[in-house]
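This report refers to the structure that appears directly beneath it.
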Amino acid sequence: MGIYETIERNKLKKNKKLTKSALKEANRIAKILCNEFGAKEVILYGSILKNKFNSSSDIDLAVKGLGDNYFKAFGYCIRNSEFEIDIKPYEELKDNFKKKVSQIGKIILIKN
Numbered sequence: 000m001g002i003y004e005t006i007e008r009n010k011l012k013k014n015k016k017l018t019k020s021a022l023k024e025a026n027r028i029a030k031i032l033c034n035e036f037g038a039k040e041v042i043l044y045g046s047i048l049k050n051k052f053n054s055s056s057d058i059d060l061a062v063k064g065l066g067d068n069y070f071k072a073f074g075y076c077i078r079n080s081e082f083e084i085d086i087k088p089y090e091e092l093k094d095n096f097k098k099k100v101s102q103i104g105k106i107i108l109i110k111n
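Numbering (numbering that gives the first Met the number 0), first residue to last: 0 to 111.
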């Protein structure tokens, strides 16, 4: 195996490990959003679900039910995560993007 193949294999291995950590973090953040800030549903979308997550990626979350707690929740999450976090209020998404998130996103937490 050549040097380039070895480098690529190591890169893929590193990204797989990073993706696993990011998924764990997304679930942790989702619990905080629901338990501390009143979110009703958290949907994961973006590069993390396309096996394209890498060290320059962020964790993309569409969140239902944050209301007036959005900025407080967003601030808390970006200060308390080792990953870049992008939280979008689901209710404020444009219809075409909302449809896309609903179709390809993964619901990671629903609060009853």
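From the three backbone atoms N, C-alpha and C, an ideal C-beta is built for every residue, glycine too.
Below 8 Å on the Cβ atoms is my guess for residue i versus residue j; work out the distance and round it to an integer in Å.
{"i": "Phe36", "j": "Ala72", "result": "4 Å"}
{"i": "Cys33", "j": "Lys87", "result": "About 16 Å separates the two Cβ atoms, so there is no contact after all."}
In three-state terms, what does DSSP make of residue i?
{"i": "Leu92", "result": "coil"}
{"i": "Lys51", "result": "coil"}
{"i": "Leu22", "result": "helix"}
{"i": "Leu32", "result": "helix"}
{"i": "Glu7", "result": "helix"}
Taking C-beta to C-beta, are residue i and residue j nearer than 7 Å?
{"i": "Val41", "j": "Leu60", "result": "yes"}
{"i": "Tyr89", "j": "Lys105", "result": "no"}
{"i": "Ile107", "j": "Asn26", "result": "yes"}
{"i": "Ile84", "j": "Ile58", "result": "yes"}
{"i": "Ala29", "j": "Leu65", "result": "no"}
{"i": "Phe70", "j": "Glu24", "result": "no"}
Which first and last residues belong to the alpha helix (DSSP H) in which residue i is found?
{"i": "Ile42", "result": "It is not in any alpha helix (DSSP H) - Ile42 instead sits in the beta strand (DSSP E) that spans 40-44."}
The beta strand (DSSP E) that contains residue i, what's its start and end?
{"i": "Lys105", "result": "105-109"}
{"i": "Leu60", "result": "57-63"}
Closer than 7 Å, CB to CB, is residue i near chain C or not?
{"i": "Lys30", "result": "Going by chain labels, chain C is absent from the structure shown, which holds only one protein chain."}
Contact the region 46-54 vs the region 71-91: 3+ CB pairs below 8 Å: no
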